[in-house]
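> Mind having a look at this structure? Questions to follow.
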Amino acid sequence: MHAYPLDLVDFVYELWSDPVFKERINSVATDLPFDLPDRALFEHILSTCYQASLMQEEERQVMLRIIIQVPESLPLEEGPPSGLHRLRFNKPRSFNEYELHRLAPAADFYRTLIGVTIDHDNGPQIWGLIHSGTRWMQTEHGGKKTFPPLPLSLVIIVSGPGQITVCIGSETVASLNNGQINTPSMDIFSARWLSESMADIRSEMRQLHAEARAASPKTWANLAPDFAKKLGQQVVRRIISVIRNSHHGGSLVYLPHEMGEEISGKNRYMTIKYQFCAEEPRHRFRSIMLRIVNTMAELYGDPEDPDKIVGWNEYVTCQDEAIESLNEAIFDVAHFIAALAAIDGAVVMTKRQELVGFGGVISGDIDKVETVARAMNTEGTLTETVPSEGVGTRHRAAYRLCNELHDAFAIVVSQDGNVRLVKWHNGTVTYWDQTTTGVSGF
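The sequence shown begins at 25 in this note's numbering and counts up one residue at a time.
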């Protein structure tokens with residue numbers, strides 16, 4: 025059964041009194057920062073956005089962001105990249121799907137919000153535009169630049185036909201996408217089991233870092249325990265984001281590092297059409313990561329404070345030229361890897377971030393998987409068994425591979441932008457859907 029704007033209104037109203045939801049929102053606000061609009065008015069706003077999403081402007085789909093906020097609450101003198109640049113119209117505009125349709129091309133989705141107020145006599149009114157810049161996308165895109173959060177107001181995102189997301193400022197509440205209501209309840213990258221599966225690789229990285237530290241005549245700062253993990257996560261997010269933006273879909277297969285040589289030869293698991301030579305360039309991803317953590321430790325080293333710790337917060341605010349260059353280099357590698365997914369077949373890497381090749385075709389001789397477990401929570405402790413049919417070739421191939429190689433995992437990006445991680449977990453092939461908020465390009 026499909027959901028529509030009225031269902032999204034009902035869902036958000038129910039969340040507003042949910043103690044679990046309130047606890048999550050407390051991470052960004054001490055309490056729910058505003059009351060929802062009257063139910064009928066809220067439905068009118070979302071229905072108008074929904075109707076606008078179904079329209080086209082010169083064959084371009086309507087994409088926009090709306091914030092319900094009085095203009096007087098926004099500073100006059102600020103602007104991107106560290107603030108919001110608000111511009112008021114000399115006369116308010118009517119809030120309807122036709123006005124949104126006309127205004128959308130000027131209110132660039134990635135840089136601008138449409139400001140709306142609710143007038144007690146005239147209902148919703150469009151008062152102007154708010155230029156936010158693009159740094160807000162980095163939470164899912166990946167990146168190190170800091171960005172100001174949006175005001176804790178009601179924000180509505182229209183990212184495609186029938187795709188509506190309701191937010192409190194920068195925090196997603198719920199979305200309507202493909203006739204289904206989703207909440208951002210699962211972030212695969214925060215899963216403990218995923219972190220544990222990469223523990224050996226991080227240990228190796230720490231050892232290499234320790235050797236470089238010992239060889240340096242300078243005092244280096246100590247690394248925060250989660251620094252390398254967060255850095256790696258940001259790069260993988262960027263890879264996924266670029267694949268999603270291609271609207272072609274693609275697959276990433278991560279194998280145990282000891283399988284790098286085996287998978288390159290004749291084996292029963294897959295054939296890789298385009299293989300890279302076993303040389304240093306295959307390890308560039310890891311090499312740059314190591315250079316980043318080493319450079320940060322050296323830059324922030326202090327002989328008078330040998331216990332100083334450097335981590336993600338220092339990295340995102342660091343403006344050193346060497347770090348900026350390395351940051352650009354690692355995200356260039358991310359874009360390069362993502363582009364390899366544009367042809368048929370999977371991009372094949374080891375958990376050491378070694379790029380083995382692309383065009384990987386998983387063998388059809390591997391036993392078919394009849395059912396898989398759909399994870400209902402991040403750790404996969406709550407699941408339901410579902411048939412393996414009803415999904416694309418990429419997904420079924422990933423199921424078969426993970427059924428054979430229990431230490432491997434696959435990330436499958438569909439043409440519609442949905443992201444699924446597949447892994448053998450608790451005795452069965454299990455998948456996690458990285459919950460989409462409906463924000464295009466994420």
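Don't be surprised by glycine CBs; every beta carbon is placed ideally from N, CA and C.
Source: prediction; values computed, not measured.
Considering only residues of the same chain and omitting the five flanking positions on each side of VAL410, which have a CB-CB separation below 7 Å?
So the qualifying residues of the chain are THR395, VAL396 and ARG398.
> For the segment 198-233, which segments carrying the beta strand (DSSP E) assignment without a break, of at least 3 residues, lie completely within its bounds, in sequence order?
Complete beta strand (DSSP E) runs here, min 3: 204-206.
> Please classify GLN458: does DSSP put it in a helix, a strand, or coil?
GLN458: strand per DSSP, three-state reduction.
> Can you tell me where the beta strand (DSSP E) with TYR293 in it begins and where it stops?
Per DSSP, TYR293 belongs to no beta strand (DSSP E) and is neither H nor E.
> Would you list the residues sitting across from HIS155 in a DSSP beta bridge?
Partner(s): HIS109 and THR136.
> Helix, strand or coil for SER270 per DSSP?
Residue state, collapsed to three classes: helix.
> In terms of residues, what are the limits of the beta strand (DSSP E) holding GLY184?
Start and end: 178-184.
> Put HIS449 into one of helix, strand or coil per three-state DSSP.
Here HIS449 sits in strand by DSSP.
> Between the alpha carbons of ASP389 and PHE133, how many angstroms are there, rounded?
Cα to Cα, the separation comes out at about 46 Å.
> Hey, out of ILE386, THR417 and SER412, whose CA is closest to LEU425's CA?
Answer by Cα proximity: ILE386.
> In whole angstroms, what separates the C-alpha of LEU30 from that of LEU174?
If I take the Cα positions, the gap works out to 26 Å.
> Per DSSP, which residues does CYS191 bridge with? Please list them.
DSSP output for CYS191 lists VAL179 and THR196 as bridge partner(s).
> Taking just the CA atoms, how far does PHE45 sit from LEU176?
Going from the Cα of LEU176 to the Cα of PHE45 covers about 15 Å.
> Who does ASP143 pair with in a DSSP beta bridge?
DSSP lists GLY147 as partners of ASP143.
> What are the boundary residues of the beta strand (DSSP E) that includes PRO411?
407-411 is the span of the beta strand (DSSP E), which, as asked, contains PRO411.
> For GLY381 versus ILE367, is the C-beta spacing smaller than 7 Å?
Against a cut-off of 7 Å, the Cβ pair of ILE367 and GLY381 comes out as no contact.
> Quick one: what's VAL443 bridged to in DSSP?
Answer by DSSP bridge pairing, in chain order: VAL437 and GLN458.
> Mind reading off the beta-carbon distance from PHE355 to ARG262? Whole number of angstroms is fine, and I expect it under 8 Å.
So it is a contact: roughly 6 Å between Cβ atoms.
> State buried or exposed for PHE251, treating a residue as buried only when at least 16 other CB atoms are found within 10 Å of its CB.
PHE251 comes out buried.
> How big is the Cα-Cα spacing for PHE113 and LEU153?
Using only the alpha carbons, I get a separation of about 8 Å.
> To the nearest angstrom, how far is the alpha carbon of PHE66 from that of VAL33?
Near 7 Å, if we compare the C-alpha coordinates of VAL33 and PHE66.
> Under a three-way DSSP split, which group does PHE382 fall into?
In this structure, PHE382 counts as strand in the three-state DSSP scheme.
> Where DSSP assigns a beta bridge to ALA245, which residues make up the other side?
Note: ALA245 sits in no beta bridge, so no partner.
> Going by the DSSP bridge assignment, what does ARG117 pair with across the sheet?
In the DSSP output, where bridge partners are listed per residue, ARG117 has ILE150.
> Locate the beta strand (DSSP E) running through LEU91, then write down its first and last residues.
For clarity, residue 91 is Ile in the given sequence; the question names Leu instead. Counting along the chain, the beta strand (DSSP E) containing ILE91 begins and ends at 88-92.
> Measure from the alpha carbon of ASP431 to the alpha carbon of each residue in THR407, PRO249, ASN318 and ALA223, then state which is nearest.
With distances taken between Cα atoms, ASP431 lies closest to ALA223.
> Whose C-beta lies closer than 6 Å to the C-beta of GLY273 among residues of the same chain, with five residues either side of it excluded?
Once the five neighbours on either side are set aside, the close Cβ partners of GLY273 are VAL437, SER438 and GLN439.
> Within the same chain, show all residues whose beta-carbon is closer than 6 Å to that of GLN93, passing over the 5 residues directly before and after it, in chain order.
The answer, listed in chain order, is PRO175 and SER177.
> Ordered along the chain, which non-local residues of its own chain (more than five positions away) have a Cβ less than 6 Å from that of LEU364?
Cβ neighbours of LEU364 beyond the five flanking positions: VAL371 and PHE382.
> Going by DSSP, what residue range makes up the beta strand (DSSP E) through THR319?
THR319 -> not in any beta strand (DSSP E); alpha helix (DSSP H) instead, spanning 308-323.
> Can you list, in chain order, the stretches of the beta strand (DSSP E) that have 3 or more residues and sit fully within the segment 344-398?
The segment 344-398 contains these whole beta strand (DSSP E) runs: 370-374 and 379-386.
> For HIS546 and HIS68, which I take to be in contact (beta-carbon distance under 8 Å), what is that distance rounded to the nearest angstrom?
Only positions 25 to 466 of the chain appear in this structure, which leaves residue 546 out of reach.
> In chain order, what residues of the same chain lie with their CB nearer than 7 Å to the CB of PRO95, ignoring the 5 residues before and after it?
Excluding residues within five positions, the ones whose Cβ falls inside 7 Å are ARG110, ARG112, GLY139, TRP151 and GLY152.
> DSSP on LEU279, reduced to helix/strand/coil?
Of the three classes helix, strand and coil, the one that applies to LEU279 here is strand, per DSSP.
> Quick check: GLY203 and HIS26, are their CB atoms within less than 7 Å of each other?
Result yes, Cβ atoms of GLY203 and HIS26 sit closer than 7 Å.
> Buried or exposed: where does GLY166 fall if 16 or more other Cβ atoms within 10 Å of its Cβ makes it buried?
For GLY166, the predicted structure reports a pLDDT of 46, less than 50, and the residue's modelled location is therefore unreliable. A value from the coordinates is still provided. Buried, because 16 or more other Cβ atoms sit within 10 Å of the Cβ of GLY166.
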